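Numbering (this note's numbering), first residue to last: 126 to 300.
Using N, Cα and C, we set each Cβ at its ideal position, and we do this for glycine too.
What you are looking at is a predicted structure, and each value in this text was computed from that prediction instead of being measured.
Here's the structure, in structure tokens; my notes come after.
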Amino acid sequence: LPTGPAAGELVALDEAQPGGGTPLGAAAPALPADARTSAAFADATAHMPPPPAMPAIAPAALRATEPGAVVQAQDDIDTQLLPIFLEEAAETIGELHATLRRWRTQADDEEAPRAVARLLHSLKGSARMAGAMRLGAHLHELESRLEDGLAAREPAAVLAEALAHGIDRCEQVID
Numbered sequence: 126l127p128t129g130p131a132a133g134e135l136v137a138l139d140e141a142q143p144g145g146g147t148p149l150g151a152a153a154p155a156l157p158a159d160a161r162t163s164a165a166f167a168d169a170t171a172h173m174p175p176p177p178a179m180p181a182i183a184p185a186a187l188r189a190t191e192p193g194a195v196v197q198a199q200d201d202i203d204t205q206l207l208p209i210f211l212e213e214a215a216e217t218i219g220e221l222h223a224t225l226r227r228w229r230t231q232a233d234d235e236e237a238p239r240a241v242a243r244l245l246h247s248l249k250g251s252a253r254m255a256g257a258m259r260l261g262a263h264l265h266e267l268e269s270r271l272e273d274g275l276a277a278r279e280p281a282a283v284l285a286e287a288l289a290h291g292i293d294r295c296e297q298v299i300d
């Protein structure tokens, strides 16, 4: 609610209105239903055709979004960004392996899974920016694997090992 001189002016204006005097901040009374407005709306919409039915989605179209489905991405490598990506990817993959090793031996390390998620996300974005869409899709799958494993409270050593194998595959693709 306003305070100061402006508040006094608002109260005076409110009280000057017909039926005024409603305290500032109080809810205005509900307007009674107007039968004429309701009837006019019904008349205006009566001639409108019903909305079209939603088309059925074929089961084959759903398969691409089912868990574990492989999305076929097409690479469109940017030759100018590729050298930069390769250099950054080598560093990031090294950091990922080091973090995963630490997490395997220190299962209670709460920072390790966050660091892995951050590194996977950065590497995925860099891969996609460089046009390595298939690698980006694989990294997205690794991100999902991490999220699912954490949600299921999978043992850190098991999850870290699975992610390390996925990172090894990234290295093979990059080489």
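(request) Buried or exposed for His290, please, with buried defined as at least 16 other CB atoms from any protein chain shown within 10 angstroms of its CB. (result) Taking the sequence shown and counting its residues from 1, the one referred to as residue 290 is at position 165. Label assigned to His290: exposed.
(request) Can you grab the Cα-Cα spacing for the pair Ala198 / Gly250, in whole Å? (result) Here the question's residue 198 lines up with position 73 in the sequence shown. Here the question's residue 250 lines up with position 125 in the sequence shown. If I take the Cα positions, the gap works out to 14 Å.
(request) Return the CA-CA distance between Trp228 and Gln297, expressed in angstroms with no decimal places. (result) Looking up residue 228 in the sequence shown gives position 103. Looking up residue 297 in the sequence shown gives position 172. Roughly 23 Å separates the two Cα atoms.
(request) Let me know the secondary structure DSSP gives Gln199 once reduced to three states. (result) Here residue 199 refers to the residue found at position 74 of the sequence shown. If DSSP states are grouped into helix, strand and coil, Gln199 belongs with coil.
(message) Assuming contact is defined by CB atoms lying nearer than 8 Å, are Thr224 and Ala240 in contact in what I supplied?
(response) Stepping through the sequence shown from its first residue, residue 224 is reached at position 99. Stepping through the sequence shown from its first residue, residue 240 is reached at position 115. A contact, by the Cβ cut-off of 8 Å.
(message) At the level of alpha carbons, what is the spacing between His265 and Asp300?
(response) The residue labelled residue 265 in the question sits at position 140 within the sequence shown. The residue labelled residue 300 in the question sits at position 175 within the sequence shown. Computed Cα separation, rounded: 19 Å.
(request) Thinking Leu288 and Arg270 are a contact (beta carbons under 8 Å), I'd like their distance in whole angstroms, please. (result) Translated into the one-based positions of the sequence shown, residue 288 becomes position 163. Translated into the one-based positions of the sequence shown, residue 270 becomes position 145. Confirmed, Cβ separation roughly 7 Å.
(message) So, with DSSP's three-state summary, where would you put Arg278?
(response) Residue 278 sits at position 153 when you count from the first residue of the sequence shown. Arg278 falls in the coil class under three-state DSSP.
(message) When you compare the CB positions of Leu207 and Ala262, do they come within less than 8 Å of one another, or not?
(response) Translated into the one-based positions of the sequence shown, residue 207 becomes position 82. Translated into the one-based positions of the sequence shown, residue 262 becomes position 137. In this structure, Ala262 does not lie closer than 8 Å to Leu207 by Cβ.
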